[in-house]
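Asks: Below is a structure I'd like to ask you about.
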Amino acid sequence: MTKKIIIIGNGASGNAAAEEILAQNDKHNITMITNEATPLYYRPMLSEYISEEDIPKRFYMHTFDWYKDNNINLMIDTKVNSITPDQQIVTLSNGELLHYDALIICTGSFNFIPPMPGADKKNVVSLKTLDDANQIKEMAQKAKKAVIFGGGLLGLELGWQLRKLDIEVTVLEMMDRLLPRQLDTEASELFEEKVAKTGIKVLKNVETKGILGDTYVSGIELVSGEVLDADLVLFSIGVRADVSLAQEAGINIDRGIIVDDFMRTNFDNIYAAGDCAQHNKVNYSIWPEAVAQGKIAGLNASDIQSVYEPVVPFNVYHGMNIKLFSLGDVGGNPTLHYDMHRVKIDEDFEKYFFVDNVITGGILFGNISKSTKLKKAIASKMSKEDFLKLI
1267 MTKKIIIIGN GASGNAAAEE ILAQNDKHNI TMITNEATPL YYRPMLSEYI SEEDIPKRFY
1327 MHTFDWYKDN NINLMIDTKV NSITPDQQIV TLSNGELLHY DALIICTGSF NFIPPMPGAD
1387 KKNVVSLKTL DDANQIKEMA QKAKKAVIFG GGLLGLELGW QLRKLDIEVT VLEMMDRLLP
1447 RQLDTEASEL FEEKVAKTGI KVLKNVETKG ILGDTYVSGI ELVSGEVLDA DLVLFSIGVR
1507 ADVSLAQEAG INIDRGIIVD DFMRTNFDNI YAAGDCAQHN KVNYSIWPEA VAQGKIAGLN
1567 ASDIQSVYEP VVPFNVYHGM NIKLFSLGDV GGNPTLHYDM HRVKIDEDFE KYFFVDNVIT
1627 GGILFGNISK STKLKKAIAS KMSKEDFLKL I
């Protein structure tokens, strides 16, 4: 049976869904709708683009010809106004009505900017899209001092790219260490030592009173009374699922669009995947999760019943002369007792975490060649004894 399948969104989950649909039945009528003007690109590379003259190689993951060759109707620069589930209709901002047999919502997420005094001033931005990156590139040409809210991987990578442009960078982190979800205290200290060598200044345990300036930002005032000069401010403190379309359509939401094991919402022919979706009360908002969920949504929209197996969250970072891999639970649950195995050779660092003799997570710093073994061990819930033999 040939179906009309609409995918709202052209990111990791939307394209994974489209690719899976094509693999099952290339006769399905697929329409993809995106409010951006480009084919699929690798969003994690946006930071790198800021300090480069040209868009990095491998940035675009598909070309416009790919969609055409696969008979996908890609609608760029297009906004969806509403979804009407009982009529199986998507309404576009220009008034056009599109009928679907199955709908996959991949609206992604948006960067969180807190309601802080001065957050609406010019040169206060965040990085989410290619348009954002182009805007930051332009601002960076004149900037001398930048302040970045958020000491996560994206915030630090932004800082690194700005340092390459000889901009003074200060990173503000509310927590007592960098990457508290990905690293334990020891690994975080090693990481911070590397960051300091780049010239990035990190302030931890800080709270902000407001952003200063008239039309343009001129600085940041901390609760302590300290004022940091800044002519460029970037927020990198997390994302929120974009659920507005779903909510208005009567689709059940929580922190994201609620989906079952088939990535199905409370409407049988409407699915959701990626940053906008919430499965078993969890959404990591990471690329591998979006791809995995998109594939399952695509299969089920094609009437190939498939169950989603949650991914184990992991982070890989290459930058600032650092190689870092973090996977799973690295001692972050205060109610659990962790047994640890630690190896440190010169600047290479490994640390593995076990609960009840089963591996739960690991950190690789420097040499990350054991990352594949670590993934397999955690996926199979390997015992400590077997894992230590494996490595």
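According to the working numbering, the sequence shown is numbered sequentially starting from 1267. For glycine and all other residues, C-beta sits at the position ideal for the given N, C-alpha and C. Just so you know, these numbers come straight off a predicted model, no measurement behind them.
Thinking C-beta only, is Leu-1593 closer than 8 Å to Leu-1640?
Replies: Yes; because the gap between Cβ atoms is below 8 Å, this pair is in contact.
Asks: Quick one: give me the first and last residue of the alpha helix (DSSP H) that Ser-1637 is part of.
Replies: That run of the alpha helix (DSSP H) goes 1637–1645.
Asks: From the DSSP output, read off the bridge partner residues of His-1607.
Replies: In the DSSP output, where bridge partners are listed per residue, His-1607 has Tyr-1618.
Asks: Enumerated in chain order, which unbroken segments of the alpha helix (DSSP H) with a length of 4 residues or greater are wholly contained in the stretch 1410–1461?
Replies: If we require 4 residues or more, the alpha helix (DSSP H) runs fully inside the stretch 1410–1461 come out as 1419–1429.
Asks: For Ala-1512, which of Met-1529, Asp-1495, Gln-1290, Cys-1542 has the nearest alpha-carbon?
Replies: Nearest of Met-1529, Asp-1495, Gln-1290, Cys-1542 to Ala-1512, Cα basis: Cys-1542.
Asks: For Asp-1595, does the three-state DSSP call read helix, strand or coil?
Replies: Residue state, collapsed to three classes: coil.
Asks: Does DSSP put Glu-1404 in a helix, in a strand, or in coil?
Replies: Residue state, collapsed to three classes: helix.
Asks: What's the call for Lys-1561, buried or exposed, on a 16-neighbour Cβ count within 10 Å?
Replies: Buried: at least 16 other Cβ atoms inside 10 Å.
Asks: Roughly how many angstroms separate the alpha carbons of Ile-1503 and Ser-1568, rounded to a whole number?
Replies: About 37 Å.
Asks: Assuming Phe-1631 contacts Leu-1419 (C-beta within less than 8 Å), just tell me the rounded distance between them.
Replies: Not confirmed; about 14 Å, so no contact.
Asks: Measure the Cβ-Cβ separation of Ile-1271 and Val-1346 and say whether it is below 8 Å.
Replies: No, they are not a contact pair.
Asks: Do Thr-1373 and Gly-1275 have their C-beta atoms within less than 8 Å of each other?
Replies: Contact: yes.
Asks: Measuring only the C-alpha atoms, how far is Leu-1363 from Pro-1351?
Replies: Looking at the two C-alpha atoms, the distance is approximately 13 Å.
Asks: If contacts are defined as beta-carbon pairs under 8 Å, then Ala-1409 and Leu-1494 qualify, I think. What distance do you get, rounded to the angstrom?
Replies: With 8 Å as the limit, Ala-1409 and Leu-1494 do not qualify as a contact, their Cβ atoms being about 14 Å apart.
Asks: One question on the structure: do Ala-1556 and Ala-1539 come within less than 8 Å of each other, judged by their Cβ atoms?
Replies: Yes; because the gap between Cβ atoms is below 8 Å, this pair is in contact.
Asks: Where does Gly-1491 land, buried or exposed, given buried means 16+ other C-beta within 10 angstroms?
Replies: The residue in question, Gly-1491, is exposed, as its Cβ has fewer than 16 Cβ neighbours within 10 Å.
Asks: Give every residue of the same chain whose Cβ lies closer than 6 Å to the Cβ of Val-1582, excluding the five residues on either side of it in the sequence, and list them in chain order.
Replies: Here the set comprises Phe-1591.
Asks: By the three-class DSSP mapping on this structure, what secondary structure does Asn-1339 have?
Replies: Note: Asn-1339 maps to strand in three-state DSSP.
Asks: Using the Cα positions of Ile-1370 and Arg-1521, report the straight-line distance between them to the nearest angstrom.
Replies: Ile-1370 and Arg-1521: Cα-Cα distance of roughly 18 Å.
Asks: Could you give the DSSP three-state label for Ser-1317: helix, strand or coil?
Replies: Note: Ser-1317 maps to coil in three-state DSSP.
Asks: By Cβ distance below 8 Å, which residues in the same chain neighbour Ile-1644 in space, the five residues on each side in sequence not counted?
Replies: Around Ile-1644: Val-1578, Leu-1593, Gly-1594, Ile-1625, Thr-1626, Gly-1627, Gly-1628.
Asks: Quick one: Cα of Ala-1563 to Cα of Ser-1484, how far?
Replies: Rounded to the nearest angstrom, the two C-alpha atoms are 46 Å apart.
Asks: Given this structure, state the Cα-to-Cα distance separating Gln-1236 from Glu-1319, to the nearest angstrom.
Replies: Beyond the ends of the chain as shown, which are 1267 and 1657, falls residue 1236; an answer cannot be given.
Asks: Do Lys-1293 and Asp-1450 have their C-beta atoms within less than 8 Å of each other?
Replies: Result no, Cβ atoms of Lys-1293 and Asp-1450 do not sit closer than 8 Å.
Asks: Ser-1313 to Gly-1465, Cα distance in whole Å?
Replies: Taking the straight line from one Cα to the other gives about 18 Å.
Asks: Could you tell me which of Thr-1329, Gly-1417, Gly-1421 sits nearest to Asp-1442, measuring between CA atoms?
Replies: If we check each option's Cα against that of Asp-1442, Gly-1417 comes out closest.
Asks: Check for me: the alpha helix (DSSP H) holding Leu-1511 runs from which residue to which?
Replies: Element bounds for Leu-1511: 1510–1514.
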